[in-house]
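Residue numbers (the numbering used here): 103 to 420.
Backbone N, C-alpha and C define an ideal beta-carbon position, used for all residues, glycine too.
Bear in mind that the values here come from a model prediction, so they are computed numbers and not experimental data.
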Amino acid sequence: MDFTMLIAAFGGGLLATFFGGITAFVFTGLTVFAAVMGGAAGAPAISIISFGSWFGPHISFAGAVAGAAFAMTRNHIENGQDIVTPLVKFGDPMVLIVGGIFGMIGFLIQYVVGPVIGPVLFNGILGDGAAGWTDTVAFTVVISAIIVRLVFGKTGLTGKTPAGEKRQWVSTGSRLGFILTYGFGIGILIGGIAAKLGTLGLVDGVAEAAYMFSLLPVLGFAVAAISLILIMCGHAFEGWHHIVLPAGSTAVILFSATLNPFAAIIGGAITGMITAFIGEWAAKTFNSFADTHIDPPACTIFIMQTINFVVLGGLILG
């Protein structure tokens, strides 16, 4: 364990609480995009800055989620699901400190579920890559948010439905058609880009294309994270990082195994629709009639990346 980064994680969680969760997450995307485009020079920033103690969502975003929940208990905001408001607004040092503490908690959880538990459970399937058995950052965001709800919330894990209200667990009708349509489209897009970069990089031997191909899911995630700036600007908008990241991973895994562009496109499209549905289900399940935020995209990424890495990449194609 890197104790320097553990200490820094306090500052990462605190700063994200200062910003507000969505703002901090946009900076995650910005730094990922810059690091990927920077090539070898930017590579260290991905693990240290973008997914490390500065803007790693398990530290930064998760810390801000905790800060918002605690701010609710101090009557600064009405609902702890408000992850847009910069909590610097209230001038409360304890809110920032709680965010910093949960930044450190996120660092520790990610270490446990990755390097500690991963090799124990998945070494036989994934070998040296067992620590990356899932997206451990997303999994940590979920675990941290559950802790936050149990500690600071009053509505229970799946919310408290008011008397007389009808609870909807999954979308139906036009809404279902809408989410499946954009999931399909995003999946086709990232699958097609994976197919093109994979052909240039793995088949034609263009090193720069092979580099971009290997990082394509993360690059897609970065663009999606940056696009959430529209929420900060007051526009009606929906996250799609939980679609493009797993769909991109499916496409990259399938193309790497088959060198078939159509396999990448079809795999991306199928995963895109599945993740769009799971994301909607997670939002209705965990955040309906609730008073803290459990992140539906993180839930989705955790589920689908486990399938991508362990089932598809490990058991089926391994």
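**OP:** Assess, as a yes-or-no matter, whether the region 161-179 is touched by the region 202-209 under the definition of 3 or more beta carbon pairs within less than 8 Å.
**Re:** yes
Original post:
So residue 472 and residue 118 are in contact, right, with Cβ under 8 Å, and what is the actual spacing, rounded?
Top reply: For the chain, the structure presents residues 103 to 420; residue 472 sits outside this window and is missing.
**OP:** Report the rounded CA-to-CA distance for residue 217 versus residue 226, giving the unit in angstroms.
**Re:** 15 Å
**OP:** Within its chain, find whatever has a CB closer than 8 Å to the CB of residue 325; leave out the 5 residues flanking it on each side and keep chain order.
**Re:** 131, 135 and 346
Original post:
With distances taken between CB atoms, is the gap from residue 352 to residue 381 smaller than 7 Å?
Top reply: no
Original post:
Taking the DSSP output, what are the residues bridged to residue 394?
Top reply: 182
Subject >> Residues near residue 322 in its chain [Cβ-Cβ closer than 7 Å; skip 5 each side] >> reply: 292, 346, 347 and 350
**OP:** Would you mind stating whether residue 128 and residue 172 have Cβ atoms separated by less than 7 Å?
**Re:** no
Subject >> Expected contact under 8 Å - CB spacing of residue 271 and residue 411 to nearest Å >> reply: Rounded, the Cβ-Cβ distance is 27 Å, inconsistent with contact.
**OP:** Measure from the alpha carbon of residue 186 to the alpha carbon of each residue in 339, 231, 176 and 273, then state which is nearest.
**Re:** 339
Original post:
Nearest-angstrom Cα distance between residue 191 and residue 103?
Top reply: 35 Å
**OP:** Could you please give the first and the last residue of the uninterrupted alpha helix (DSSP H) stretch that includes residue 383?
**Re:** 363-389
Subject >> Three-state class that DSSP yields for residue 125 in the structure shown >> reply: helix
Original post:
Is residue 126 near the ligand GTP, judged by its Cβ being under 6 Å from some heavy atom?
Top reply: Absence of the ligand GTP is noted for the structure shown, with no ligands found whatsoever.
Original post:
How would you call residue 155, buried or exposed, if buried means at least 16 neighbouring beta carbons within 10 angstroms?
Top reply: buried
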